Ligand SMILES: NC(=O)c1ccc[n+]([C@@H]2O[C@H](COP(=O)([O-])OP(=O)(O)OC[C@H]3O[C@@H](n4cnc5c(N)ncnc54)[C@H](O)[C@@H]3O)[C@@H](O)[C@H]2O)c1
């Protein structure tokens, strides 16, 4: 029997590491061919995708740059002819108190986390519309529903992502294309491991343990906890679901 994502083409920004890499691996296991769009080397993810028996293309791409996203879209068209599934996972989350945050810090987070979703959607949605089938999945964050400090720019970018998810869903729904977002809790990844712990936390290990204590399911979240949701949202089974932001955070935020 054909797999759920048989021969679909999925573009995963941020697919070189962490959650994006886990998404790329899972979608390949589901039968998709994968494009990794990242500023970091995607070679490890390429191996994972090939191990799953699917084709992989790693593109160096800065998702906050108009030119870079344009070049990516051209590479994807040349190599695979189309993009059926767009996963906007690239993101940064520097922890900075507001009174130390410069306008350049603010702009950088907004550019990488939010402008990227505009640019990538603008690059790939028109062809999804034309083919009357597409799936876009964006990354929100449970910080939006939590009491945390140091993330004014980050929370603003993620609130923007919830907004673009809702708004774009209406425009693409008539064309068989859905737009949804996943909102994870604090998840172990290279990015969070490298980040400065929040005020009052001695290390990121402490922060993972603290986050777990705030969840209904009291263990730290990993990328593996998120892959089933992205698999579902990008499948035919999720065709009637759009504009939603799903909390996948061990029950930390309820809405
Ligand atoms: N890990 C968490 O706790 C958590 C929680 C909520 C939401 N998220 C969101 O999930 C996404 C992935 O997070 P992660 O923890 O896997 O991060 P990560 O840092 O481990 O991986 C992020 C990837 O994005 C890439 N990237 C960064 N800037 C880029 C750019 N300008 N262009 C292209 N690629 C770029 C990095 O090179 C890296 O490969 C982010 O959007 C993040 O905000 C993460």
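Residue numbers (our numbering): 86 to 340. Beta carbons: idealized from backbone N, C-alpha and C, even for Gly. Bear in mind the structure is a predicted one, so any value in this text is a computation, not a measurement.
- Put simply, the segment 198-206 does not touch the segment 291-310. Fewer than three CB pairs are less than 8 Å apart.
- Exposed is the label assigned to residue 132, since fewer than 16 other Cβ atoms lie within 10 Å of its Cβ.
- The three-state secondary structure of residue 311, taken from DSSP, is coil.
- Collapsing the DSSP output to three states places residue 171 in a strand.
- Rounded to the nearest angstrom, the gap between the Cα atoms of residue 335 and residue 313 is 14 Å.
- Taking 9 Å as the cut-off, the Cβ atoms of residue 225 and residue 250 count as close.
- Judged by the Cβ position, residue 273 qualifies as a neighbour of ligand 1 at the 8 Å threshold, a heavy atom of the ligand being closer than this.
- Distances from the CB of residue 149 to the heavy atoms of ligand 1 include at least one below 8 Å.
- With a cutoff of 9 Å on beta-carbon distance, residue 119 and residue 142 are scored as near each other.
- Rounded to whole angstroms, the Cβ separation of residue 130 and residue 101 is 6 Å, and the two are in contact under 8 Å.
- For residue 222, the enclosing beta strand (DSSP E) covers residues 219-224.
- Contact between residue 92 and residue 116 holds, since their C-beta atoms are separated by about 7 Å, short of 8 Å.
- In terms of Cα proximity to residue 241, the closest of 135, 111, 156, 178 is 178.
- Within the chosen limit of 8 Å, ligand 1 reaches the beta carbon of residue 146 through at least one heavy atom.
- Taking non-hydrogen atoms of ligand 1 into account, the C-beta of residue 182 is found less than 8 Å away from none of them.
- When DSSP states are grouped into helix, strand and coil, residue 91 belongs to the coil group.
- Excluding five sequence positions before and after residue 164, the CB atoms of its chain that fall closer than 8 Å to its own CB belong to 120, 142, given in chain order.
- Not a single heavy atom of ligand 1 lies less than 8 Å from the C-beta of residue 245.
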